[in-house]
Structure formats: structure tokens, C-alpha cells
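Residue numbers (our numbering), protein chains in the order written: chain F, 1 to 552; chain A, 553 to 637. Quick reminder that beta carbons are idealized off the backbone N, C-alpha and C, glycines included. In what follows, a structure is listed as C-alpha cells, so that the remarks can point back to it.
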Amino acid sequence: FVLANGWNKRHLTYHVANWPYKLGEEAVARLIGKALKTWGDYGRLEFTRKPTPDADIIVSFARGYHNDMFPFDGPGYVLAHAFFPNPGSDIAGDIHFDLDEDWVEAKPQEFLESGTDFYSVALHELGHSLGLAHSTDENSIMFPYYKGTDGTSVQLGQDDLMAMYQLYILRSIQEPTTESTRRTKPPNTRSPTTRTRPREPATRTTQRETTRLYTENKRTYSWRTTEPTVSTRAPPNRPTYTNSMTPSTRYPTTRTRSTTYTRRTTYTTPTPSTFYPTTSTRREWITKETSASRWHTITPPSRRDHTSSFGTSTSNSRYGSTGRGTTSHESSATVNRRPYSPSWYPIGSQSSTPPPEPNICQGKFDAVANLRGEIFIFKDEYIWRLQDLNRRVSGYPVLMRHMFQYLPENIKKIDAAYQRSDGNMILFTGDLYWVYDGTNFIENSPRSLMDYGIPQGIGGIDAIQTWDRNGKTYLYKGDRFWRFNETSKTIDPGYPQPIEKWGGIPSNIDAALSWKDGKTYFFKDDLYWILNNRDGITSDSPRSSTREWLGC
Amino acid sequence: LPVERTVGPPPKSALDFMKQYGYLKADKENSAALYTEDGLSEAIKTVQRFGALKETGRLDNATLKLMSSPRCGNPDVLHGKRSKR
Numbered sequence: 001f002v003l004a005n006g007w008n009k010r011h012l013t014y015h016v017a018n019w020p021y022k023l024g025e026e027a028v029a030r031l032i033g034k035a036l037k038t039w040g041d042y043g044r045l046e047f048t049r050k051p052t053p054d055a056d057i058i059v060s061f062a063r064g065y066h067n068d069m070f071p072f073d074g075p076g077y078v079l080a081h082a083f084f085p086n087p088g089s090d091i092a093g094d095i096h097f098d099l100d101e102d103w104v105e106a107k108p109q110e111f112l113e114s115g116t117d118f119y120s121v122a123l124h125e126l127g128h129s130l131g132l133a134h135s136t137d138e139n140s141i142m143f144p145y146y147k148g149t150d151g152t153s154v155q156l157g158q159d160d161l162m163a164m165y166q167l168y169i170l171r172s173i174q175e176p177t178t179e180s181t182r183r184t185k186p187p188n189t190r191s192p193t194t195r196t197r198p199r200e201p202a203t204r205t206t207q208r209e210t211t212r213l214y215t216e217n218k219r220t221y222s223w224r225t226t227e228p229t230v231s232t233r234a235p236p237n238r239p240t241y242t243n244s245m246t247p248s249t250r251y252p253t254t255r256t257r258s259t260t261y262t263r264r265t266t267y268t269t270p271t272p273s274t275f276y277p278t279t280s281t282r283r284e285w286i287t288k289e290t291s292a293s294r295w296h297t298i299t300p301p302s303r304r305d306h307t308s309s310f311g312t313s314t315s316n317s318r319y320g321s322t323g324r325g326t327t328s329h330e331s332s333a334t335v336n337r338r339p340y341s342p343s344w345y346p347i348g349s350q351s352s353t354p355p356p357e358p359n360i361c362q363g364k365f366d367a368v369a370n371l372r373g374e375i376f377i378f379k380d381e382y383i384w385r386l387q388d389l390n391r392r393v394s395g396y397p398v399l400m401r402h403m404f405q406y407l408p409e410n411i412k413k414i415d416a417a418y419q420r421s422d423g424n425m426i427l428f429t430g431d432l433y434w435v436y437d438g439t440n441f442i443e444n445s446p447r448s449l450m451d452y453g454i455p456q457g458i459g460g461i462d463a464i465q466t467w468d469r470n471g472k473t474y475l476y477k478g479d480r481f482w483r484f485n486e487t488s489k490t491i492d493p494g495y496p497q498p499i500e501k502w503g504g505i506p507s508n509i510d511a512a513l514s515w516k517d518g519k520t521y522f523f524k525d526d527l528y529w530i531l532n533n534r535d536g537i538t539s540d541s542p543r544s545s546t547r548e549w550l551g552c
Numbered sequence: 553l554p555v556e557r558t559v560g561p562p563p564k565s566a567l568d569f570m571k572q573y574g575y576l577k578a579d580k581e582n583s584a585a586l587y588t589e590d591g592l593s594e595a596i597k598t599v600q601r602f603g604a605l606k607e608t609g610r611l612d613n614a615t616l617k618l619m620s621s622p623r624c625g626n627p628d629v630l631h632g633k634r635s636k637r
């Protein structure tokens, strides 16, 4: 086995940030918990799940570029990756699974015909999160290649147990462990597998004898080790741990076993910075990466403590359930966009009986929005997701509450939606609008439509879109539309104007969308019109939106 | 976040694979010419060892197949440190 860094504590927290719709939150959380317990049993580690991303290990699913410089590659090949523990980096321990894989839960006695077994990959990746690198031992869970499951239960190999022993039992960890280490006279019986290390001359501090019993598959191994308590000098044949507990040198250690084989294991203790840059923190990456490719990155969930990047929330509560974080309303445009928390991904249904799914092929979309480079169609309480016209993303529709968590239950439809220039998503419901930063509703959401200069009492807007040619935001209602200046936060003079101005666009539209193909689309019933952003001319006749966009 | 689908295909070549997973130093310039035959052969043997294959030191079919098998994205050899067994 090969070791990277280990954690300096025995009680670790973890957060499951999102999950594939097909596997669902319950299965992901249960399997992650099971894998952590499996490792924890062999390292005297405990794990507690946290509902917020300020945890030691964050588990998330993402596809393609997700802002850690190691983009995923679509279905197959690379399935996941994880970050080794490292005190200096706040991404340490995190695990990213490729969302494009067909993640399934393999049943113990069932041969997996198709799909990728989530548990065996999770057990492997959590090995990295705890400080183990890849092993050449084919029976080790840290073997680099996915072997599928033949229905037998996936478990740790002997190599893995020895690695955990080395990393978390032999090494004295400052944090008081839950078990008191027994001070025992060294047993005079030496089990065949006990290796007696050359006793170190008594140091100033009393040496503690620690005897650990390991049971693995009913075979028991017992090693007797001398564990220096505070001495900074370790016996010659053991890694010297600096106070940051980072193994800093390599040691030849020979373990002989009375069992089948003898192997010489050299602990190659890699430099702490693994191939993942561990010095820069996630926030630096987000700033750097996000500013560079701000519209097309996935940012692994931030271990932020819920302070909104638009000011400091005085309470860490999420909106809706227990009041709302009061953030300073004025957001400075230069503030780095808050890292994305992937709570957008479809997650298992939260309410026991989800509302009936509408027939999208009847058209009459409630809202259509370009959010982070993809198209989202809202209808009733559901959302459809498209990569482009007629390129639906599988696994949709999902309940909108699974993407916009904490949207109160009484919201049954979205009138309009768009992505504001600062990257936040704005949802309009009646005379109110909600600012969503990918994790929380912020800026004291919901807020009054009057912030957009729209008179009270018009009963909400029909549609909204931003015209990339002038950066202005257009709000539509009935036979009129307003033009809003996002910088000055005011309606331009001379508005509202009649919707006929757009030439051929009907009144009372359902939705509007400015897409990256340089066109603006207006939707009504099951038809759509095209406005060419360059010359502002609409297409002559409407076309079928349900067929051409959704393949109905 | 939803992103434009940019699917990175598996490494285009065995050389890319060995750089990506730490078997060869991934220097910036195209260092293909810098590797000696012995060096490459040793690197291939390490690839085969991490794949529980016969260590022939040659890019045989089993090794090429291994290089496109589903796997973990972490490197096999950390930062150029060879894990001697």
C-alpha cells in the first residue's frame, strides 16, 4: 500500500451535497455511511453526517468540468476521484463522482448486468479521502481499476487493513481517542505474527505499550508496537511524523507473517501535495476559475459556513424553515460569485406524494430560462432540462423543489425565470421574486417586484429575458414590456412599450428565452417565435415548440 | 452546476495515460523524445503491476485494454514517487 497524509483527528464529519436522481439521497447517504464505517472500524475513526457543507469530507456528483482541473469524461473510463487529507486545503477529503455514470446499488447476491456499483467505488474513493493511495494488490479495495461486482460483498483487503493500521493506529493522533489506550505490561506471549521492534532506549517520557487486536475475516493479527507519546524521535525504523503528522520519509519495513507469504513493504510517503494542488484553497480556485469561465463551471460545494458572498448572513438558517439569513441587500458586483452548491441536481422526491406531472407536450410553458448555459423549462411544479433545442437531459423532469431547495411548499408555479448578470438565478412568482445563489435564497428573498420598477398589482409578469446585445433585461406582461437596467436598477425611460414593437410577437406570452445561439425565443401555448438578436427581426411564422424543443 | 457538456475522452495515447496517472513525468513540452526505451519499459511494467498484469514491459493488448478500463481518476504513482514493492 502507499500512504499519503492522514487526518489529525479521529472524529470526522461528512456532507452529501447532491445525488443522482436514479440512486436517490437515501441510498447515497446510506452507502457512504456504510463505507465510512467499514474504514472507521479499522482506524478507530468515527464519522458524523452534516446537513451543511462545512464538513471534513464533501461527497458530490458532477459532470465534465467541475472546477477542480480534472474534468470528468462522460460515461465510462474515469468514474470518480477524491482528494487526500491535507491540513492546508479545504478541498481535502472531498470526493467527486462522475454524474454521467449509471450509478446503481448492486444487490449482494445479484450479478450486476449493467451500471456501476456505487458502493464499491465509494469505498475506494473514501480510502483516498482517508489518506490511502492506489495499491497494486488486486484484492485491495485501493486497486485502481473498477472490477464490477460479482454479487459477493465488497470488502477491504488485507493491504487496506495494514494501511489503516499504519496510518491511524501506529501513529499517535493528538485528539483524545474515544477508547482509552490500555497501559499494559507487554504480553510475554508473542503471537507468530507479532513483530518485535527493536526496543528504543527509554526516553524521557514513559513509553506507552499499545497492543491492538485486528480481526479480519476471522483471522486475527496482533502487533505489539511501541508508540512514542510525545517524543518527537521515532524508533529508527518508523516514519518520523512531524507535528503536522505528515509522513516525511520513507522506511523499509519488513513484515513477516506466519501465514502464506512474506512481503517487504516500503512505505513510500509521498510529499503532502498530491497531484491535486493542495495549497490553493477552493475559494481561490473558484475566483480564478469562475471568473475565467464563470458561466460553464461546476464548483464543488463550498465548505463555506453559509455566509453568503453577498454579505454576511447573520443567521445560518436556510430560508423558509426557520426564518431567513438576513444578508446585506446590496451585493457588490465584484464579489466573487458564490461557489455553486450542486443542490440543483435532481434529488429524490421530498414529499411523499409528488404532484402529478403535467403533459409538457401540450405546451403552455410557465417559464423558460437559460441558466448556467443550459435551458430549463418550468411547468407547474416540474422542470425539464435541455442542453440545446431538442437535446433533453436524461433523468428529467424533476420537481422544481429538488433544484431550488427551500422554495416554500405553497409555490405551485414559476411565472418567469432568468439568470442575473451576477450569476444568481431569479425566480418570479406573482408580485414577488426570489434570488437563488445555487445554495440558498439570498437578499432577503422573496422581494417585491417593485425592485424592478414594475407597478404593484399587475399580478406578476409573463416572461423575462436578458438581451446579450445590450445587457438589458426585458420584462413582459400582457401587451406591454419594460426594459430594466441591471446596473442602475431602474426601468429605462419611455417604458412600458407595446409588445407589437417586437414585430409579430403575440400578447400574453408564456415565456421568453435569450439563447447562446444569438436568438431570442418567445413561447405561447405550443408555439414559439424567433427573434434574431442582431437585427431584431422575428421569424415570419411561429413553429411548434413542443416538437422542436422537446421532441414531442 | 449545469455545464456545457465537455466530455474529455480517455487519454489519446499510452503516453498520455502514463503521464496522467503519474508513471511518467508530465513535463510541459512534448517530452516523448526524452524517454529512453528502458525508462518507458519500466513505466509500462509499473502500469502492468498496478493492473495485476504480467509485467512484460511491452504495450501488449492486455495493457492497452487496461488503459481504457473504468477506473479511479486519482494517480497510481504519486507525484513521481515510485512505490517500490
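Requested in this report: Show which residues of chain F have a CB atom less than 7 Å away from the CB atom of residue 628 of chain A.
Outcome: Going along chain F in sequence order, the residues near residue 628 of chain A (Cβ under 7 Å) are 134 and 144.
Query raised in the report: Hey, how far is the Cα of residue 95 of chain F from the Cα of residue 58 of chain F?
Result: 6 Å
Query raised in the report: What's the call for residue 4 of chain F, buried or exposed, on a 16-neighbour Cβ count within 10 Å?
Result: Around the CB of residue 4 of chain F, 16 or more other CB atoms lie within 10 Å, so the residue is classed as buried.
Requested in this report: Assign residue 196 of chain F to one of two classes, buried (16 or more other C-beta atoms within 10 Å of its C-beta) or exposed (fewer than that).
Outcome: Annotation note: pLDDT 38 at residue 196 of chain F (below 50); position unreliable, no value reported.
Requested in this report: Mind reading off the beta-carbon distance from residue 452 of chain F to residue 484 of chain F? Whole number of angstroms is fine, and I expect it under 8 Å.
Outcome: 5 Å
Query raised in the report: What does a CB cutoff of less than 7 Å around residue 71 of chain F pick up in its chain, not counting 5 residues either side in sequence?
Result: 64 and 65
Query raised in the report: Which of the three DSSP states, helix, strand or coil, is assigned to residue 422 of chain F?
Result: coil
Query raised in the report: Listing by chain order, which chain A residues have their CB less than 8 Å from the CB of residue 430 of chain F?
Result: Those within 8 Å of residue 430 of chain F in chain A number zero; the least Cβ separation is about 26 Å.
Query raised in the report: chain A partners of residue 78 of chain F, CB-CB under 7 Å?
Result: 623 and 625
Query - Three-state secondary structure assigned by DSSP to residue 9 of chain F - result: coil
Requested in this report: Could you pull the start and end residues of the beta strand (DSSP E) that residue 475 of chain F belongs to?
Outcome: 472 to 477
**Report entry** 4 or more residues per run - each alpha helix (DSSP H) lying fully within the segment 105 to 130 of chain F
**Finding:** 118 to 129
**Report entry** The beta strand (DSSP E) enclosing residue 445 of chain F, as first and last residue numbers
**Finding:** 441 to 448
Report task. Check whether the segment 127 to 138 of chain F touches the segment 74 to 93 of chain F, taking contact to mean three or more Cβ pairs, one atom from each stretch, closer than 8 Å. Result -> yes
Requested in this report: Pick helix, strand or coil for residue 295 of chain F, following the three-state DSSP scheme.
Outcome: Bear in mind that a pLDDT of 32 at residue 295 of chain F, under 50, signals an unreliable position, so the number given afterwards is only what the model happens to contain. Coil, per DSSP.
**Report entry** 6 Å CB neighbourhood of residue 56 of chain F in its chain, flanking five on each side removed
**Finding:** 12, 13 and 93
Query - Below-8 Å beta-carbon distance, residue 591 of chain A vs any chain F residue - result: Not one chain F Cβ lies under 8 Å of residue 591 of chain A.
Requested in this report: Go ahead and pull the three-state DSSP assignment for residue 626 of chain A.
Outcome: coil
**Report entry** Neighbour list for residue 604 of chain A in chain F, Cβ cutoff strictly below 9 Å
**Finding:** 136, 137, 138, 143 and 145
Query raised in the report: Roughly how many angstroms separate the alpha carbons of residue 163 of chain F and residue 601 of chain A, rounded to a whole number?
Result: 19 Å
Report task. Between the Cα of residue 135 of chain F and those of F:54, F:402 and F:158, spot the shortest distance and give me the residue it belongs to. Result -> Answer by Cα proximity: F:158.
Query raised in the report: Excluding five sequence neighbours on each side, which residues of the same chain lie with their C-beta closer than 6 Å to the C-beta of residue 45 of chain F?
Result: 10
Query raised in the report: Per DSSP, what kind of secondary structure is residue 515 of chain F in: helix, strand or coil?
Result: Coil at residue 515 of chain F, not helix or strand.
Report task. Anything in chain A within Cβ reach of residue 82 of chain F, meaning under 9 Å, just list it in chain order. Result -> 624, 625 and 626
Query raised in the report: By how many angstroms is the C-alpha of residue 596 of chain A removed from the C-alpha of residue 161 of chain F?
Result: 28 Å
Query raised in the report: Any Cβ of chain A within less than 8 Å of the Cβ of residue 125 of chain F?
Result: yes
Requested in this report: Report all residues from its chain with a CB closer than 6 Å to the CB of residue 346 of chain F; omit the five preceding and five following residues, and keep chain order.
Outcome: In this predicted model, residue 346 of chain F has a pLDDT of only 36, less than 50, meaning its place in the structure is not dependable enough to derive any value.
Query raised in the report: Would you say residue 237 of chain F reaches chain A, if we count a Cβ-Cβ gap shorter than 8 Å as a contact?
Result: Only weak support exists for where residue 237 of chain F lies, its pLDDT of 39 falling under 50; the coordinates are left without a value.
Report task. For residue 70 of chain F, return the contacting residues in chain A, with the cut-off set at a CB-CB distance below 7 Å. Result -> 625
Query raised in the report: Can the beta-carbon of residue 546 of chain F be found closer than 8 Å to that of residue 360 of chain F?
Result: Yes; because the gap between Cβ atoms is below 8 Å, this pair is in contact.
Query raised in the report: Between which two residues does the alpha helix (DSSP H) containing residue 618 of chain A stretch?
Result: 613 to 619
Report task. Please decide whether residue 638 of chain A counts as near chain F, where near means a Cβ-Cβ distance under 8 Å. Result -> The requested residue 638 of chain A is not part of the displayed model; chain A covers only 553 to 637.
Report task. Assign residue 616 of chain A to buried or exposed, taking buried as 16 or more other Cβ atoms, counted over all protein chains shown, within 10 Å of its Cβ. Result -> exposed
Query raised in the report: residue 116 of chain F CB to nearest chain A CB: under 8 Å?
Result: For residue 116 of chain F, at least one C-beta of chain A is nearer than 8 Å to its own C-beta.
Requested in this report: Taking residue 471 of chain F and residue 421 of chain F to be in contact with their CB atoms under 8 Å, please state how far apart those CB atoms are, rounded to whole angstroms.
Outcome: 7 Å
Query - N- and C-terminal bounds of the beta strand (DSSP E) containing residue 379 of chain F - result: Membership of residue 379 of chain F in the beta strand (DSSP E) is indicated by the continuous run 374 to 379.
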